[in-house]
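Residue numbers (this note's numbering), protein chains in the order written: chain X, 6 to 363; chain B, 46 to 488.
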């Protein structure tokens, strides 16, 4: 009834090439961004910002980066945590070593450094694919774990191996309250989501998808696999690197290499698989599922227990959290192997006909 | 398919609703002194995290059973974080909104992550026996309290003890000491002090990191077998400790030559190895296993016999249980001290508790009255010294229990103090913090 495109005619090429061709979609996305930027800061408390929304936004951005590589270009990676670490440590070093380095420039340079390493570790993708490539990218993970733990230079010779950042400041705007941090992250995420959406619609995105669907055929129609694969690695690592810088600078404030361990790489890959491969929206769903659900369960279960007069022990809650979280992953993968994004698009499809299905 | 979307929508809606419900519930408990309890009862470190948490919570129950702090009852809430830094920070954010008195995270990683947040939120961080060593300097680290001892104290005493065993610190010249450490901020903390001591006495320090969680140590111990260091310092936690002792047994490294930090000297670390760990020694944070102390007897009578005990009864008095208990006691005494100044029988804010923690003065008489006779020595904190005491004893595993095997040691202030001041100044400079002056301290 509300969601139908009847009567929306494209009268120019520009209109035909818009990101959101359906007017309702356009209004929904703009409404969502406006809600996130204007209404959310007034509605939620500090805990929501610091513990839920900021990690959700930053990991969405990282998942988006991984999705470009895994979902769009079909190159499985288990090194995403490493590229986050490179982004964070590179940005840290640019900040510490160059006086007066602006924060945003340092973060973007962190992304660029990650992209450079992404290209280097993407080279094996020219020869190996699938699971073998995943194993090759694991090398990036272990190399970075090792380097940031052992080489004192990267951590500015901090004795404990933990680095921390001083004040965050952008053009005189000092980012210290949770709301400001949230808005800062939100700006990054919105911008990068639009970039990602556009990249995937552009020539380069189509090359990636061609490589993903069948690389031999893609080569035959004139797509250079080296350029396509390495550019996917570079762009993906750039996204992930910027997310890493945000994770370290804005969310953690001080961190150690364990913050970007192999667990993080797996987590990001799972976000993409559960959220939906090859879907920008899916990255956000996946991040929400993996970041928010465990915390929600952890708080909801004691609450649920208290409704029935049962006190659940802390350990019990934690075990139950793992059990339920695990079963939900299996449940979603069985009912919808294409991820939560696919559920979303099915829902949209149904809405077109609602309330009068055939 | 529709049902699924509905279920999904319902799930999302309930996330929003319940978070609203939690925040309203938080405001209801203003009349009690609220102690947030960060615990890890699951995960790789649960065996060690559990007794600590039980001791901590039991002591809060004991204080309540004895009438609270000048009549103020204590409330508490546990938050499980599994020794993961990001979940620990989430717990902190969750519990700080409920009028948290002070935080004790039992994780050096979480302490590092919270050090800057606590300053902004004005909540003291008590890290009894862990955390950042330089935070002893209270003029820079206003909100950190590494009470009873830092890792630099531990490292200093460890070298003193080894020197004493050899018949003098000068005998250390040319000797080899290996540090087997948990590869995290926790394990790396002692390195600067050990390096300094190595320079002073001319021994060779060998650094052998072990990756989290520490079950894979074959390579480390092969290296020890090859290099044969004269002593091994073990800076481990959780399953890493028992693995290290088993590996030492397997490689034939004498357990008598091994000395653990106080986090590597509890029952879970050696019980599985049993007789194989005989002779292994560890530092103690003043106390060891204290099943005969008065506080433990009170605990059994007033809490456990009433069916209020948090954990199993036979663990009461074990090393880590006592560590948790003493940690809670120090926090409670901080609140009590704050009440002396800001009003007896009232609920204290984080800022007031901070003053209390900075002015703790537990002399032997007070400790004995609370039932800590023979368990610990006096603690007195000040603005410049947030540690309050640096007494350490060594205990050894007899094959069935821990027994004290040394006299009291104290960290050498001539070594420790300049390092603390240097590191704190460096931190202050990086963060743009002004040292508190004497007048600010007196406030």
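No residue lacks a Cβ here, since even glycine has one placed at the ideal position from N, Cα and C.
Annotated three-state conformation of residue 160 of chain X is helix, per DSSP.
Beta-bridge analysis with DSSP links residue 190 of chain X to no other residue.
Listed along the chain, the chain X residues whose CB falls inside 8 Å of the CB of residue 86 of chain B are 318, 319, 320 and 323.
Residue 55 of chain X reaches chain B at 138, counting residues in chain order whose Cβ is nearer than 7 Å.
At least one CB atom of chain X sits nearer than 8 Å to the CB of residue 237 of chain B. Taken in chain order, the members of the region 166 to 196 of chain X whose beta-carbon sits within less than 8 Å of a beta-carbon on chain B are 166, 167, 169, 171, 172 and 181. Residue 53 of chain X has its alpha-carbon roughly 13 Å from the corresponding atom of residue 41 of chain X. Taking 8 Å as the upper bound for CB-CB distance, residue 117 of chain B and residue 78 of chain B are in contact here, some 5 Å apart. A direct Cα-Cα distance of roughly 8 Å separates residue 327 of chain X from residue 299 of chain X. Taking 8 Å as the CB threshold, residue 434 of chain B stays off the interface with chain X. Considering only beta carbons, the part of the region 256 to 273 of chain X lying closer than 7 Å to chain B consists of 257, 258, 259, 261, 263 and 264, in chain order.
At least one CB atom of chain X sits nearer than 8 Å to the CB of residue 257 of chain B.
In this model, residue 79 of chain X and residue 283 of chain X are separated by some 9 Å (Cα to Cα). By the criterion of a C-beta distance shorter than 6 Å, residue 24 of chain X is surrounded in its chain by 202, once the five residues flanking it on both sides are discounted. When DSSP reads this structure, residue 122 of chain B sits in a beta bridge with B:81. DSSP places residue 286 of chain B within a helical segment (H, G or I) once states are collapsed to three. Taking a C-beta distance under 8 Å as the contact criterion, residue 88 of chain X and residue 246 of chain X qualify as a contact pair. Annotation for residue 266 of chain B: the continuous alpha helix (DSSP H) segment containing it runs 263 to 272. One alpha carbon belongs to residue 483 of chain B, the other to residue 437 of chain B, and they sit about 30 Å apart. Counting only residues of its own chain and dropping the five nearest sequence neighbours on each side, residue 218 of chain B has a CB closer than 8 Å to the CB of 246, 247 and 248. For residue 51 of chain X, the nearest CB of chain B lies under 8 Å from its own CB, placing it at the interface with that chain. None of the residues of the region 178 to 200 of chain B has a beta carbon lying less than 7 Å from any beta carbon of chain X. Within the DSSP secondary-structure output, residue 227 of chain B pairs in a beta bridge with B:255. Excluding sequence positions up to five before and after residue 262 of chain B, its CB lies within less than 8 Å of the CB of 225, 255, 285, 288, 289 and 292, all in the same chain and listed in chain order. Annotation: residue 305 of chain X is outside any beta strand (DSSP E); the continuous alpha helix (DSSP H) that includes it extends over 285 to 312. For a cut-off of 8 Å, the C-beta gap from residue 56 of chain X to residue 161 of chain B is around 16 Å, too long to register as a contact.
According to the DSSP assignment, residue 276 of chain B belongs to the beta strand (DSSP E) that extends over 276 to 280. Boundaries of the alpha helix (DSSP H) around residue 124 of chain X: 108 to 127.
Looking at the DSSP output, residue 475 of chain B sits in no beta bridge, so it has no partner there.
Judged by DSSP secondary structure, residue 305 of chain B falls within the beta strand (DSSP E) whose first and last residues are 303 to 305. With its beta carbon at least 8 Å from every one in chain X, residue 265 of chain B lies outside the interface. For residue 158 of chain B, a Cβ of chain X is located within less than 8 Å of the residue's own Cβ.
The beta carbon of residue 164 of chain X sits closer than 8 Å to some beta carbon of chain B. The count of Cβ pairs closer than 8 Å, one atom from the region 123 to 134 of chain X and one from the region 226 to 239 of chain X, reaches three, so the stretches are in contact.
Distance from residue 421 of chain B to residue 197 of chain B at the Cβ level is roughly 20 Å; contact not present, criterion being Cβ atoms closer than 8 Å.
Measuring C-alpha to C-alpha distances from residue 220 of chain B to each of B:202, B:358 and B:251 identifies B:251 as the nearest.
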